[in-house]
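For the sequence shown, the positions run 90 to 192 when the numbering used here is used.
Report on the structure given below.
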Amino acid sequence: MKMMTLDQLKDRDIGEIGTPERDKYEFDLRMELLGEMIKSVRKERNLTQEQLGELIGVQKSQISKLERSTKNVTIETILKVFKALKANVKFSVEMNELEFNVA
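Written out as C-alpha cells, the structure is:
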C-alpha cells in the first residue's frame with residue numbers, strides 16, 4: 090500500500106490548491122473551526138448559549154447556529170461575540186498577485 094500525505098489525499102480527493110472545490114473545502118473548514126472556537130471560549134467563560142445571546146442581543150438559537158456553522162453570519166456578529174467573550178480577534182488578509190496593465 091502506497092503511503093500518502095494528508096495534502097496529497099486532499100489534492101487527489103478534493104482538488105488541488107486554487108481549484109474552486111478546494112477553496113470551498115478550505116473555507117468551510119475555517120468556518121467550522123471558528124464556530125468551535127466560539128463554543129470553546131464561551132464554555133471557558135462559563136456562559137450558556139442563552140447568556141451569550143443576551144450579551145450581544147440575539148436568541149439562544151442564533152448562538153447555537155453560530156457554533157455549528159458560521160457560514161451565514163456577518164463579521165460584525167462574530168466581532169460582537171468575541172467582544173462579549175472578552176477575547177481578542179486577529180484577522181489576516183492575504184492578497185493574490187494582481188496584474189495591472191497600464192495603457
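Think of the CB as a built atom: it goes at the ideal place given N, C-alpha and C, for glycine as much as any other residue.
- Restricting attention to 94, 118, 115 and 155, the CA atom closest to the CA of residue 131 is found in 155.
- The continuous stretches of alpha helix (DSSP H) do not include residue 181, and DSSP gives it neither H nor E.
- With a cut-off of 8 Å on Cβ pairs, the segment 157–171 is in contact with the segment 112–125, counting three or more such pairs.
- Here the alpha carbons of residue 114 and residue 92 stand approximately 23 Å from one another.
- Taking C-alpha positions only, residue 141 is separated from residue 90 by approximately 49 Å.
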